[in-house]
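Single-structure report; data block below.
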Amino acid sequence: MFVKTNDETQLYVNKIGQGPVLILVPGANGTGDIFGQTTQFLKANFTVITYDRRGYGQTIPGVPLPDEAKNPNSSFRIKADVDDVLTLADTFNPLTPVYLMGSSSGSIVAAEAFANAPARFAKVAIHECPLTTVLDDNGALGNTTNNLVQRVLKGDFSAVTDLFNQMHIQPLDAQMMGLAPDSHPDKEKMKSMLFWLQYESSQYTSQIIDWQIFADHRNQVVLLNGTDSVGFLPQKVDETIGQKIDVQITTIPGGHLGYAQKPQGFANKLTESLLDK
Numbered sequence: 076m077f078v079k080t081n082d083e084t085q086l087y088v089n090k091i092g093q094g095p096v097l098i099l100v101p102g103a104n105g106t107g108d109i110f111g112q113t114t115q116f117l118k119a120n121f122t123v124i125t126y127d128r129r130g131y132g133q134t135i136p137g138v139p140l141p142d143e144a145k146n147p148n149s150s151f152r153i154k155a156d157v158d159d160v161l162t163l164a165d166t167f168n169p170l171t172p173v174y175l176m177g178s179s180s181g182s183i184v185a186a187e188a189f190a191n192a193p194a195r196f197a198k199v200a201i202h203e204c205p206l207t208t209v210l211d212d213n214g215a216l217g218n219t220t221n222n223l224v225q226r227v228l229k230g231d232f233s234a235v236t237d238l239f240n241q242m243h244i245q246p247l248d249a250q251m252m253g254l255a256p257d258s259h260p261d262k263e264k265m266k267s268m269l270f271w272l273q274y275e276s277s278q279y280t281s282q283i284i285d286w287q288i289f290a291d292h293r294n295q296v297v298l299l300n301g302t303d304s305v306g307f308l309p310q311k312v313d314e315t316i317g318q319k320i321d322v323q324i325t326t327i328p329g330g331h332l333g334y335a336q337k338p339q340g341f342a343n344k345l346t347e348s349l350l351d352k
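Numbering (the working numbering), first residue to last: 76 to 352.
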């Protein structure tokens, strides 16, 4: 189905299950089908909403992207992504707070949405957030990331591997993301990755979020790190966020793509964490 937003964008959406609404926000993959397996184990407890974010999959943008969106410090796309999450919440449950889970760069979208309207969400789950602004490194990692992104956009595709290696990507995720030494290039994956590199990798990770809002609503916040991605930079980010807002890390099966790697275990732990089972 399609859900129309205020700017005439048509979000491609799938709905499955019964119970309270749970919106899942994808990361660099961009499309809701990445959650397909895990939704089969979530649907008994939630009405699960998955969707293709703007620029990905079957979603039809209502307005063209401005050149400004390429700026590493642009907030144009993430503001639109946040508006889309709120549109989905209002569409599928306008009267009651909904549950929200974002993974990777999708977790930045989820965090921004929660910061904008904490009362709109029963709980927000942040899975392995790559937000570099929470790290006390004077912007060094962000600058390195932007330099590597520029190399890729100029045609040096080896910089993609360098980008994830500097984040200490773990073997299970490297294999699934096509970054292992024996991986073969996937044209469709590369297409979405190039879009992510140009419009998200620097822009989203450089956002400044008001963590005091999360501290004030800590009982609504879940921080998720995978069992198979220990050492990956986003785990350190989640740990730092946890220290800022006084929320313990919840360990969840799988790696950075745990919902696709170990879908049943991921769904069970997510359900337990959101519903306090």
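Don't be surprised by glycine CBs; every beta carbon is placed ideally from N, CA and C.
Could you name the residues that DSSP lists as bridge partners for residue i?
i	result
residue 324	298
residue 178	202
residue 89	125
residue 96	122
residue 77	87
residue 196	173
residue 436	Given that the chain is displayed from residue 76 to residue 352, the structure contains no residue 436 and the question cannot be resolved.
With a Cβ-Cβ cutoff of 8 angstroms, do residue i and residue j count as a contact?
i	j	result
residue 84	residue 129	yes
residue 174	residue 188	no
residue 80	residue 158	yes
residue 282	residue 150	yes
residue 321	residue 293	yes
residue 184	residue 156	yes
residue 348	residue 203	no
residue 134	residue 86	yes
residue 273	residue 90	no
residue 215	residue 284	no
Which of the three DSSP states, helix, strand or coil, is assigned to residue i?
i	result
residue 207	helix
residue 104	coil
residue 311	helix
residue 224	helix
residue 64	In the structure as shown, the chain begins at 76 and stops at 352. Residue 64 is therefore absent and cannot be evaluated.
residue 336	helix
residue 140	coil
residue 284	coil
residue 130	coil
residue 154	helix
residue 159	helix
residue 279	coil
residue 231	coil
residue 317	helix
residue 191	helix
residue 291	helix
residue 168	coil
residue 146	coil
residue 218	helix
residue 330	coil
residue 267	helix
residue 111	helix
residue 305	coil
Our contact map puts residue i next to residue j with C-beta atoms below 8 angstroms; I'd like the distance itself, whole angstroms only.
i	j	result
residue 131	residue 267	6 angstroms
residue 179	residue 331	6 angstroms
residue 98	residue 192	Actually they do not touch by this definition, with Cβ atoms about 13 angstroms apart.
residue 205	residue 136	Actually they are not in contact, since the Cβ atoms of residue 205 and residue 136 sit about 24 angstroms apart, beyond 8 angstroms.
residue 96	residue 126	Their Cβ separation, rounded to whole angstroms, is 12 angstroms, which puts residue 96 and residue 126 out of contact at 8 angstroms.
residue 43	residue 323	Nothing about residue 43 can be reported from this structure: the residues present for the chain run from 76 to 352 only.
residue 93	residue 338	That belief does not hold up - the Cβ atoms of residue 93 and residue 338 are roughly 19 angstroms apart, past 8 angstroms.
residue 200	residue 172	Their Cβ separation, rounded to whole angstroms, is 14 angstroms, which puts residue 200 and residue 172 out of contact at 8 angstroms.
residue 290	residue 109	With 8 angstroms as the limit, residue 290 and residue 109 do not qualify as a contact, their Cβ atoms being about 31 angstroms apart.
residue 326	residue 302	6 angstroms
residue 120	residue 315	30 angstroms between Cβ atoms; not a contact.
residue 353	residue 208	Nothing can be reported for residue 353: it is not among the residues displayed for the chain, which extend from 76 to 352.
Please tell me whether, using a cut-off of 7 angstroms, the distance from the CB of residue i to the nearest non-hydrogen atom of the ligand SAM is below it.
i	result
residue 224	Absent from the structure shown: the ligand SAM. Ligands present: none.
> How about the region 138-151 and the region 93-112: do they share at least three Cβ pairs that are nearer than 8 angstroms?
Replying inline: no
> Three or more C-beta pairs closer than 8 angstroms, one from the region 217-224 and one from the region 296-310: is that the case here?
Replying inline: no
>> With three or more C-beta pairs closer than 8 angstroms as the rule, is the region 109-128 touching the region 335-352?
In response: yes
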